Amino acid sequence: DTEVTQTPKHLVMGMTNKKSLKCEQHMGHRAMYWYKQKAKKPPELMFVYSYEKLSINESVPSRFSPECPNSSLLNLHLHALQPEDSALYLCASSRRQGLTFTEAFFGQGTRLTVV
Amino acid sequence: QQQVKQSPQSLIVQKGGISIINCAYENTAFDYFPWYQQFPGKGPALLIAIRPDVSEKKEGRFTISFNKSAKQFSLHIMDSQPGDSATYFCAASLTPKETSGSRLTFGEGTQLTVNP
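Residue numbers (the numbering used here), protein chains in the order written: chain X, 1 to 115; chain L, 1001 to 1116.
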């Protein structure tokens, strides 16, 4: 099973709303990631959790708040977003191999539209 | 230092032909080089990956060639099929510290179209 499950698949939210994106994996991977992808562009790293601790924050605005409740779950809490935050939000996970983390598997993404 | 340059931006191949996509990198600390295939509205799917101590890896119709001295790697798709039409991203991975997870740097992508 190489599946990363994201919910919801689509989300439309107003600029004053609070919503959350959810991600789940049962591959025993100890690193989990949030990426943002705009149309016709490559994914851009937002956050990395390693062993349930936030290890990398790529200077993401505070209106995005990640959370890792346990080793299988990753959330992204959204508040007061701007229309330019509309994008495909991708969750990924990877396993430890020696001194590195390899084979990042991506979920299908949440298509977020901010109105 | 963190850039990965990918070419071509778009590629049109006839069914049964060979598709070749090239990538180049600068940072010699990258320790893993995956290729992803992405269909519209879907997440990237891992196709094949290679470590820098290996010069070639083949899985089915997909082959990665890796040239460490030139800091270049490429994806070859043999016997290309219309179902291969998608966007392909090369990437380079760096694990900053042992327990920090990895940072993937993607190329800009190649839109592959395989005509029937």
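Even for Gly, the Cβ is constructed at its ideal location relative to N, Cα and C.
Model, not experiment: these values are computed from the prediction.
Of the choices the options, whose alpha-carbon is the least far from that of residue i?
i, options, result
"L/I1163", "L/E1056, L/E1026 and L/K1071", "One cannot answer for residue 1163 of chain L here, as it falls past the ends of chain L, which runs 1001 to 1116."
"X/S50", "X/L88, X/S86, X/Q108 and X/S94", "X/S94"
"L/F1030", "L/L1046, L/D1053 and L/G1043", "L/D1053"
"X/P42", "L/V1114, L/N1115, L/P1116 and L/A1091", "L/A1091"
"L/E944", "L/A1070, L/G1043 and L/L1104", "Since the first residue of chain L shown is 1001 and the last is 1116, residue 944 of chain L is not available in this structure."
"X/T16", "X/L90, X/L81 and X/V48", "X/L81"
"L/F1039", "X/N70, X/T113 and X/G107", "X/G107"
"X/F105", "X/L112, X/R96 and X/T113", "X/R96"
Determine the contact status of residue i and residue j, defining contact as a CB-CB distance below 8 Å.
i, j, result
"X/H77", "X/E84", "no"
"X/Y35", "X/E44", "yes"
"X/Q37", "X/L88", "yes"
"L/G1101", "X/A39", "no"
"X/N75", "X/L21", "yes"
At the level of alpha carbons, what is the spacing between residue i and residue j?
i, j, result
"X/T5", "X/E24", "5 Å"
"L/A1086", "L/P1116", "14 Å"
"X/S65", "L/D1079", "45 Å"
"L/R1103", "X/P69", "21 Å"
"L/P1082", "L/G1107", "23 Å"
"X/T7", "L/P1044", "16 Å"
Use the C-beta contact count for residue i: other C-beta atoms within 10 angstroms, 16 or more gives buried, fewer gives exposed.
i, result
"X/L54", "exposed"
"X/V48", "buried"
"X/H29", "buried"
"L/G1041", "exposed"
"X/V115", "exposed"
Next on the checklist: I want to know whether the region 1002–1015 of chain L touches the region 51–61 of chain X - three or more CB-CB distances under 8 Å.
Outcome noted: no
Next on the checklist: Assess contact between the region 1088–1097 of chain L and the region 87–106 of chain X, defined as three or more Cβ pairs (one per stretch) separated by less than 8 Å. Is contact present?
Outcome noted: With a cut-off of 8 Å, the region 87–106 of chain X and the region 1088–1097 of chain L count as touching, because enough Cβ pairs lie within range.
Next on the checklist: Tell me whether the region 1021–1031 of chain L and the region 1072–1085 of chain L touch, counting them as touching only if at least three CB pairs, one residue from each stretch, are closer than 8 Å.
Outcome noted: yes
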